[in-house]
């Protein structure tokens, strides 16, 4: 048991460190173009606006993925080889986000660039989903008495909606790269589906109360 707890701690610390490095690397995509005559103007600051927007999206993306991962491991008490590899896959595509961010920064309105970024995000959500599905399906991996059915369901729904949102962005990137970016940034499909789901649950609850 002690060894397994050590493995868990090492995994969590390693993931935190890699995510911190990945989110820090994003800043290197922000550059101001060569200033003529040695005088910086407000126009010079506004020229790389695509880079600023791409940086903001990626920062929020990675921070959101880390927060979800952090929430998972508040309930997970041990890991095995399979869980380890799911986390390695998750980390691999987290650290590729700075690269896909740099591509989007340079070719913001091009479909291949947005497709690459959307696909990168989608694969992260796949591994995110696999981590929680695997842990929640193996009760011995979870801390006893900490995870209720509602929280488990909430994690599963969130992970699935994250995947749906990203795959919609992947598809839309072929036709409208800017719209795909907006969908990733706002997670609008995820919000709409969640509201529909909650509205249905609310109606069912009211019907049960009326009966």
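Residue numbers (this note's numbering): 8 to 218.
Backbone N, C-alpha and C fix where the C-beta goes; we use that ideal spot for every residue, glycine too.
In this text, all values refer to a predicted model and were calculated from it rather than measured experimentally.
Per DSSP, what kind of secondary structure is residue i in: helix, strand or coil?
{"i": "residue 138", "result": "helix"}
{"i": "residue 154", "result": "coil"}
{"i": "residue 149", "result": "strand"}
{"i": "residue 199", "result": "helix"}
{"i": "residue 9", "result": "Confidence in residue 9 is poor, its pLDDT being 41 and thus under 50, which makes the residue's placement unreliable; the coordinate value appears in the next sentence. Note: residue 9 maps to helix in three-state DSSP."}
In chain order, what residues of the same chain have a beta carbon less than 7 Å from the beta carbon of residue i, not counting five sequence neighbours either side?
{"i": "residue 153", "result": "82"}
{"i": "residue 103", "result": "127"}
{"i": "residue 94", "result": "18, 22, 138"}
From residue i to residue j, what distance separates their C-alpha atoms?
{"i": "residue 91", "j": "residue 121", "result": "30 Å"}
{"i": "residue 97", "j": "residue 46", "result": "44 Å"}
{"i": "residue 8", "j": "residue 84", "result": "Here the model assigns residue 8 a pLDDT of 39, short of 50, so the residue's position is not dependable, and the following value carries that caveat. Cα to Cα, the separation comes out at about 10 Å."}
{"i": "residue 59", "j": "residue 140", "result": "35 Å"}
{"i": "residue 199", "j": "residue 175", "result": "13 Å"}
For the candidate residues the options, whose alpha-carbon lies nearest to that of residue i?
{"i": "residue 117", "options": "139, 193, 185", "result": "185"}
{"i": "residue 67", "options": "164, 128, 145", "result": "128"}
{"i": "residue 147", "options": "77, 56, 26, 86", "result": "86"}
{"i": "residue 14", "options": "136, 145, 80", "result": "80"}
Taking the Cβ atom as the reference point for each residue, do residue i and residue j lie within a distance shorter than 8 Å?
{"i": "residue 167", "j": "residue 190", "result": "no"}
{"i": "residue 26", "j": "residue 73", "result": "yes"}
Can you list, in chain order, the residues of its chain whose CB lies under 8 Å from that of residue i, leaving out five sequence neighbours each side?
{"i": "residue 29", "result": "69, 101, 102, 104, 105"}
Grab me the residues of residue i's own chain with a C-beta within less than 6 Å of its C-beta, minus the 5 sequence neighbours each way, in chain order.
{"i": "residue 180", "result": "118, 121, 122, 125, 187"}
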